[in-house]
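Here's the structure we're looking at; comments come further down.
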Ligand SMILES: CC(C)(COP(=O)(O)OP(=O)(O)OC[C@H]1O[C@@H](n2cnc3c(N)ncnc32)[C@H](O)[C@@H]1OP(=O)(O)O)[C@@H](O)C(=O)NCCC(=O)NCCS
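Numbering (full-length UniProt numbering), first residue to last: 1 to 187.
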């Protein structure tokens with residue numbers, strides 16, 4: 001096994017923020033297509049729906065020389081009824097999973113942004129294999145259901161664990177995870 005920490009070669013840090021530029025929105029759409037249509041086969045042709053007209057899209061951006069470089073993660077949030085928010089289409093590029101806790105940081109920005117906009121309830125339909133991850137992030141299962149032919153759970157976030165964020169456009173920086181340093185070499 002290599003002693004080199006490859007995660008730092010992906011990107012030393014990631015901006016987690018609301019998508020603003022058109023390249024960010026287009027990158028999020030392409031990433032969703034790669035993950036939900038090509039990788040998971042959840043949708044046969046495209047994954048767009050009417051929620052896309054009225055949602056806030058959040059992105060994780062890799063960096064190069066401290067500048068935003070590429071969309072490597074995304075999630076969207078929308079308010080279904082006053083105070084009732086949903087998150088959906090959480091996706092991290094397969095090359096960037098487990099390297100920067102991007103899934104966790106996108107969930108944090110999603111729920112905290114809704115909380116900053118007067119959210120009273122934040123829910124998501126979570127794919128069954130991801131339920132343990134959401135439970136570890138202060139979500140609980142409310143109902144088990146099948147969606148698009150795949151087992152899901154309707155889960156709800158504990159808003160107390162997600163302090164309000166009022167400026168998702170500014171977002172925050174997530175650093176790449178560091179593995180343990182390589183053992184010292186004896187000369
Ligand atoms: C699910 C997904 C978004 C996770 O993204 P990620 O960036 O790899 O996740 P993170 O690195 O932030 O993981 C956060 C924590 O949950 C853990 N985790 C990640 N996926 C997990 C899973 N499926 N089950 C249990 N734990 C999981 C990680 O080990 C990490 O734990 P740590 O903080 O103790 O190190 C990503 O795997 C993905 O895009 N999958 C395909 C699409 C998908 O399933 N979308 C979600 C639909 S509900």
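For each residue, glycine too, the CB sits at the ideal point set by N, CA and C.
Beta-ladder partner(s) of residue i, from DSSP
i	result
residue 63	68
residue 57	76
residue 14	62 and 174
residue 155	124 and 141
residue 160	None; residue 160 has no bridge partner.
residue 81	84
Whole-Å CB distance - residue i paired with residue j, under 8 Å assumed
i	j	result
residue 124	residue 141	That belief does not hold up - the Cβ atoms of residue 124 and residue 141 are roughly 11 Å apart, past 8 Å.
residue 164	residue 109	Incorrect: roughly 11 Å between the Cβ atoms, too far for contact.
residue 176	residue 105	The Cβ separation is near 12 Å, so there is no contact.
residue 19	residue 62	About 14 Å separates the two Cβ atoms, so there is no contact after all.
residue 15	residue 91	17 Å between Cβ atoms; not a contact.
residue 87	residue 99	With 8 Å as the limit, residue 87 and residue 99 do not qualify as a contact, their Cβ atoms being about 21 Å apart.
residue 77	residue 113	6 Å
Contact test: residue i Cβ vs ligand 1 heavy atom, cutoff 7 Å
i	result
residue 17	no
residue 21	no
residue 28	no
residue 35	yes
residue 12	no
residue 98	yes
residue 132	yes
residue 108	no
residue 153	no
residue 126	yes
residue 65	no
residue 157	no
residue 173	no
residue 59	no
Span of the beta strand (DSSP E), counted from its first residue to its last, around residue i
i	result
residue 144	139-147
residue 20	Element bounds for residue 20: n/a, residue is neither H nor E.
residue 91	84-92
Enclosing alpha helix (DSSP H) for residue i [first to last residue]
i	result
residue 107	102-116
residue 136	131-136
Residue i: CB within 7 Å of a non-hydrogen atom of ligand 2
i	result
residue 136	Inclusion of ligand 2 in the displayed structure is not the case, the ligand content consisting of ligand 1 alone.
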